[in-house]
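Inspection log for the structure reproduced underneath, given as structure tokens.
2 protein chains.
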Amino acid sequence: MKKELGPLMGLYPMPVTLVGALVDGKPNYATIAHVGIIDFSHLSLSMSKSHYTNPGLKMNGTFSVNMPSQEMVRQTDYCGIVSGSKEDKSSLFKTFYGGLETAPMIEECPLNMECKLVSTIDMPKHDVFVGEIVQTYIDEECLAGGKPDFAKIQPILFVIAADYFRLGDRLASAWSVGKELKQN
Amino acid sequence: MKKELGPLMGLYPMPVTLVGALVDGKPNYATIAHVGIIDFSHLSLSMSKSHYTNPGLKMNGTFSVNMPSQEMVRQTDYCGIVSGSKEDKSSLFKTFYGGLETAPMIEECPLNMECKLVSTIDMPKHDVFVGEIVQTYIDEECLAGGKPDFAKIQPILFVIAADYFRLGDRLASAWSVGKELKQN
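Protein chains in written order, with this note's numbering: chain R, 1 to 184; chain A, 1001 to 1184.
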């Protein structure tokens, strides 16, 4: 039996990210899970306009998307509940920079994407930042066959109101398991 | 040690969806995992311009986002490897309609979002459809305290090139577990 919930966002779980940007010249990290894939080289971040990070991101036109592992869940959550206007969150992590020079990244995160801001979708309460990935960094031990291994990265998954989940077991091969239903 | 991978999309895992639209007046379902949250009532779908579904979605201005459960992994994958131009995928599922009347939804999927197309981002190879959710439907047994319970929904998670994963265990409470790091 189907029940109507009204217009409720149900597109979960989503991967939790730490978004890095310079604000007043200092690295700051915000926890964002309302993210999206635009195409193979572009991603989106939905960030409440009240975030301390947004002006820095707009001013520099650069940012980073860092994927924390499950063992970083406390620090990750902390970056979501404390504003950079009140506390210096950069002290939680070791920061490094890539070719863009103004997109601070988190050394402890197993995967980091260095991005150039290419457009902003202006929603009533959110800036939706669309970034072009210019470089992706990964901890060597999280590679398998030269590709990111998410079982090793151990990403944190978010479901609203409000839980973090682990990634579960591998279920099946994509673009393959459905072939047995083919008629021809 | 960090390794550079070039500009690689690493924003995974993503929830797998079946996107429903009428094409030439007939329900069609496409498997899409390159999705995003724009704000609490808007989502995005990145769909290759070659998809059979895109013209129907544009013409009607309506579509659905259906969340398959793990037990539907074969049918879900099938809808990703077979084009609606070649096979009638609607026969795989029981279709229902909501108030919009032109957004076919899948009865067997535990969660369905009925959407109005509000804008399209034109990328070189992809149409990125931004939809406003007008109604959300859920199987009653997937509710807990009146809210969607994703442990019961058992969504399929996608990691590119190309695996499906299960959702894992609950790790921690969001907006809570980080409080212990607060100084004040």
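The beta carbon of each residue, even a glycine, is placed where N, CA and C say it ideally should be.
* **Stretch-stretch touch, CB-based, cutoff 8 angstroms, three pairs: the region 1102-1113 of chain A with the region 20-39 of chain R** => no
* Secondary structure of R/Leu100, DSSP reduced to three states -> coil
* For the candidate residues A/Ala1021, A/Ser1083, A/His1042, A/Met1014, whose alpha-carbon lies nearest to that of R/Lys182? -> A/Ser1083
* Asked: Would you call the region 42-50 of chain R and the region 126-137 of chain R touching, i.e. three or more CB-CB distances under 8 angstroms?
  -> yes
* **Reduced DSSP secondary structure (H/G/I, E/B, other) of R/Asp139** => strand
* Is the beta carbon of R/Gly178 less than 8 angstroms from the beta carbon of A/Asp1077? -> yes
* Asked: Does any residue of chain R bring its CB to less than 8 angstroms from the CB of A/Gly1036?
  -> yes
* **Within chain R, the residues that A/Met1113 reaches when beta carbons sit closer than 9 angstroms** => Pro7, Leu8, Met9, Gly10, Leu11
* Asked: Which two residues bound the contiguous alpha helix (DSSP H) that contains R/Pro55?
  -> 53-60
* Tell me, which residues are paired with R/Tyr164 by DSSP? -> R/Phe158, A/Ala1172
* Who pairs with A/Val1022 in a beta bridge, going by DSSP? -> First, the amino acid is wrong: residue 1022 of chain A is Leu here, not Val. Its beta-bridge partners are A/Pro1027.
* **CB contact below 8 angstroms: A/Gly1020 versus chain R** => no
* To do: Could you list which residues in chain R have their beta carbon closer than 7 angstroms to that of A/Phe1040, in chain order?
  => Met9
* Asked: According to DSSP, what are the bridge partners of A/Glu1132?
  -> A/His1042, A/Lys1116
* Asked: Under the three-state reduction of DSSP, which class applies to A/Thr1036: helix, strand or coil?
  -> The residue you asked about is not Thr; residue 1036 of chain A is Gly in the sequence shown. Note: A/Gly1036 maps to strand in three-state DSSP.
* Asked: Helix or strand or just coil, what does DSSP make of R/Leu181?
  -> helix
* Asked: Per DSSP, R/Met72 is paired with what?
  -> In the DSSP output, where bridge partners are listed per residue, R/Met72 has none listed.
* Asked: Name the chain R residues whose beta carbon is nearer than 8 angstroms to that of A/Gly1080?
  -> Ala174, Trp175, Gly178
* To do: Can you pull the chain A residues whose beta carbon is under 8 angstroms from the beta carbon of R/Gly84, in chain order?
  => The premise fails here: R/Gly84 is roughly 14 angstroms from chain A at the closest Cβ pair, so nothing lies under 8 angstroms.
* To do: Using a Cβ cut-off of 9 angstroms, pull out every chain A residue sitting near R/Thr136, in sequence order please.
  => Glu1004, Leu1005, Gly1006, Pro1007, Leu1008, Met1009, Gly1010
* Asked: Is it a yes or a no for the region 112-123 of chain R touching the region 136-143 of chain R, going by three-plus beta-carbon pairs under 8 angstroms?
  -> yes
* Between A/Val1065 and R/Ile38, what straight-line distance do the alpha-carbon atoms span, to the nearest angstrom? -> 16 angstroms
* If you follow the beta strand (DSSP E) that A/Lys1003 is part of, which residue opens it and which one closes it? -> 1002-1004
* Asked: Near A/Pro1013, what residues of its chain come up, given a Cβ to Cβ distance below 8 angstroms and the 5 sequence neighbours on each side ignored?
  -> Leu1157, Phe1158, Val1159, Phe1165
* Exposure label - R/Gly146; buried when at least 16 CB within 10 Å -> exposed
* From the DSSP output, which residues share a beta bridge with R/Asp149? -> Looking at the DSSP assignment, R/Asp149 forms no beta bridge with any residue, so it has no partner.
* When the Cα atoms are used, what is the spatial distance from R/Met59 to R/Ser173? -> 42 angstroms
* Should R/Asp122 be flagged as near chain A, meaning a C-beta pair shorter than 8 angstroms? -> no
* Would you tell me roughly how many angstroms separate the C-alpha atoms of R/Glu4 and A/Glu1141, rounded to the nearest one? => 13 angstroms
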